[in-house]
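Below is one structure, written out as C-alpha cells, with a few remarks after it.
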Amino acid sequence: MRPPDDPAWAAAETAARQSYGKLIAFLAARTRDVAGAEDALSEAFAAALASWPRTGVPKHPEAWLLTAARRRGIDVERRRQTSAAAAPQLRMMAQEAAAAVDNETLPDERLSLMFACAHPAIEAGVRAPLILQTILGFDAATIASAFLVSPGTMGQRLVRAKNRIRDTGIPFRIPDRTDLGERLYAVLEAIYATFAEGWTDPVGTETRRRNLAGEGIWLGRLVAQLMPGEAEALGLLALMLFAEARRTARRDLAGEYVPLAEQDTGLWDAALICEAEALLHKANTLEGTGRYQLEAAVQSAHVARRLSGKTDWPAIALLYEALSRLSGSPVVAINRAVAIAEANGAAAGMRELDALASDTRLADYQPYWAARAGLLAQLGRTTEADAAYQRAIGLERDEAVRRFLKQRRALLGLWP
Numbered sequence: 001m002r003p004p005d006d007p008a009w010a011a012a013e014t015a016a017r018q019s020y021g022k023l024i025a026f027l028a029a030r031t032r033d034v035a036g037a038e039d040a041l042s043e044a045f046a047a048a049l050a051s052w053p054r055t056g057v058p059k060h061p062e063a064w065l066l067t068a069a070r071r072r073g074i075d076v077e078r079r080r081q082t083s084a085a086a087a088p089q090l091r092m093m094a095q096e097a098a099a100a101v102d103n104e105t106l107p108d109e110r111l112s113l114m115f116a117c118a119h120p121a122i123e124a125g126v127r128a129p130l131i132l133q134t135i136l137g138f139d140a141a142t143i144a145s146a147f148l149v150s151p152g153t154m155g156q157r158l159v160r161a162k163n164r165i166r167d168t169g170i171p172f173r174i175p176d177r178t179d180l181g182e183r184l185y186a187v188l189e190a191i192y193a194t195f196a197e198g199w200t201d202p203v204g205t206e207t208r209r210r211n212l213a214g215e216g217i218w219l220g221r222l223v224a225q226l227m228p229g230e231a232e233a234l235g236l237l238a239l240m241l242f243a244e245a246r247r248t249a250r251r252d253l254a255g256e257y258v259p260l261a262e263q264d265t266g267l268w269d270a271a272l273i274c275e276a277e278a279l280l281h282k283a284n285t286l287e288g289t290g291r292y293q294l295e296a297a298v299q300s301a302h303v304a305r306r307l308s309g310k311t312d313w314p315a316i317a318l319l320y321e322a323l324s325r326l327s328g329s330p331v332v333a334i335n336r337a338v339a340i341a342e343a344n345g346a347a348a349g350m351r352e353l354d355a356l357a358s359d360t361r362l363a364d365y366q367p368y369w370a371a372r373a374g375l376l377a378q379l380g381r382t383t384e385a386d387a388a389y390q391r392a393i394g395l396e397r398d399e400a401v402r403r404f405l406k407q408r409r410a411l412l413g414l415w416p
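Per full-length UniProt numbering, the very first residue in the sequence shown carries number 1; after that it's consecutive.
In C-alpha cells, the structure reads:
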C-alpha cells in the first residue's frame, strides 16, 4: 500500500501520468516491441518505488526510469539471445543505456506510437484501447470494462495487436503528407472513441467509464500540441471541449436528463467554450475542412445560444448537410432531419427521417427512434409516436434518458 504523504510515491505517480506514454514510445521506437517496453517500464517503476523512498527522488525521474527500463531490456535480450550474433545488438543497447539522458533531451515519440497503434493493419476496434494502454498505461481489465467486453477478450486483442506491430514491422513514424490523411483520421477516430465512451456517462459515476472523457481530451491536446498545423486535430479538440463544457448542464439537481435545447446555458463552462472557439477559428484558417471541424462548428452554433438566446437552426441544418455529403453517415442524416424540423417544421423533418427508414443500420439505433417519436408526436400521429417511443425506450441504456422518454411518451395520453 502507498504510505501516506510519501514524496517518492507522489513523484512516481506524477511520472506515470506525465511520462508513461513518452517512455513507452521511446523504448519501443527502435524494437517495435511494445509489450517488451511495457514490461521493462513496469519493472523500472517497481524499482523506483523500492529505491526512491530510501535514496530520495532523483532530479530527473523520467531519465532515471528510462535508464532502469533500458537495463532491464538488456537483461531480457541477453537471456533471449545467447548467440554471438546477439553481441552487436547488446553492445548497442548497453551504450544507449549508459548515455546520459535528461527530460530535455528525450525525444517525444508518443505521436509516432499513436500512428503505429492506429495503423490500418491494426483491427479498427482495438485501436482506441491500444492507444489507451500504450500512451496512458490503462490495464486490460479497465479498458475491457469501459468498452463492454470481457477482460480476457480485450487482453487477447491487445496482445495480438502488439504482436502485429512487432512482427509486421509497422513503422513508428508520422506518415508522409501523401499518406497522412487516412492515418491521421485513424488516430483522431481512436481518440474520439475514447472521449465518447466517457461522454456516455455524463456525471462520471460509472467506474468502467470514469475519466475516459478527460483522457480523450488529454490525448486530443497532445496531438494538437504535436501537430498544430493540422486543422482536423484542432477541430477534434474543439469538438470535445464544446461537449465537455456542457457536462454539468446535462443533468438537473435530481439527476434527471436535460436535452440540449432545454439546458441552462449559465451552467456551461465559459472557459472551455472560449478555448474551443479559438481552436475552431485557428482550424478554419488552415488548409482543408473535415468531419471534426464541421462537427465542432455545429457545437459552436449550439453554444451561441448562451449569447443570443436562440439557436440558429438553419445554419445547423446547412452544416449537417455538408457533413452528410462528406461522410454519408445515417447518424448525421438523423441530426440533419432534426435541424430541418426545427427550422422548417415537423413535417419537413419527418420527410427526411422517412427517407432513412429502409436503412437497416438504424433498426436498433436509439436516437433514430427517439427523433422519430418526437416528430410524430408533433404531427399528431400519436399511435405511431407511441410505438416509436416504446422502441427508443427499449434501446436506451441510460436510466435517466429512459425516464425522460417515458415522460414524453406519457404526454401522448394513450396509456395510464
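All residues carry an ideal CB built from backbone N, CA and C; glycine is no exception. Note that this is a predicted model, so its numbers are computed, not measured.
A direct Cα-to-Cα measurement between Ala128 and Asp252 gives close to 31 Å. Arg72 and Gly328 have their C-alpha atoms some 50 Å from each other. In the DSSP assignment, Lys282 falls within the unbroken alpha helix (DSSP H) covering 270-284.
Val223 places its beta carbon less than 8 Å from that of Leu111.
For the pair Ile170 and Leu113, the Cα-to-Cα distance works out to about 10 Å.
The beta carbon of Ala348 sits closer than 8 Å to those of Ile340, Ala341, all from its chain and outside the five residues before and after it, given in chain order. By the criterion of a C-beta distance shorter than 8 Å, Pro120 is surrounded in its chain by Glu182, Arg183, Ala186, once the five residues flanking it on both sides are discounted.
The beta-carbon separation of Met350 and Leu395, rounded to 20 Å, does not stay under the 8 Å limit for a contact. Under the DSSP assignment, Asp39 falls in the alpha helix (DSSP H) whose first and last residues are 34-55.
As a beta-bridge residue in DSSP terms, Tyr257 pairs with Arg251. Judged by DSSP secondary structure, Ile191 falls within the alpha helix (DSSP H) whose first and last residues are 177-199. Less than 8 Å separates the beta-carbon of Ala337 from that of Glu352.
Its Cα nearest to that of Arg247, the residue Leu272 stands out among Leu234, Arg173, Leu272. The C-alpha of Leu158 is placed about 22 Å away from the C-alpha of Gly214.
Thr200 counts as exposed, since fewer than 16 other C-beta atoms from the protein chains shown sit within 10 angstroms of its C-beta. Of Asn335, Met240, Leu326, Ala357, the smallest CA-CA separation from Pro314 is found for Asn335. Of the candidates Leu412, Ala373, Arg381, Leu411, the residue whose Cα lies closest to the Cα of Ile393 is Ala373.
Put simply, the region 252-269 does not touch the region 290-297. Fewer than three CB pairs are less than 8 Å apart. If you ignore the 5 residues before and after Ala29, its C-beta comes within less than 7 Å of the C-beta of Glu109, Ser112, Phe172, all in its own chain and listed in chain order. For Ile165, the three-state secondary structure derived from DSSP is helix. Just so you know, the alpha carbons of Phe138 and Leu212 end up roughly 10 Å apart. Distance from the CA atom of Ala343 to the CA atom of Ala317, rounded to whole angstroms, is 8 Å. Taking the Cα positions, Arg17 is about 7 Å away from Leu136. In terms of Cβ geometry, Leu234 and Leu279 form a close pair [threshold 8 Å]. Distance from the CA of Ala385 to the CA of Gly255, rounded to the nearest whole angstrom, comes to 26 Å. The beta carbon of Ala68 sits closer than 6 Å to those of Ala44, Ala47, all from its chain and outside the five residues before and after it, given in chain order. Distance between Tyr389 and Leu414, taken at the CA atoms: about 12 Å.
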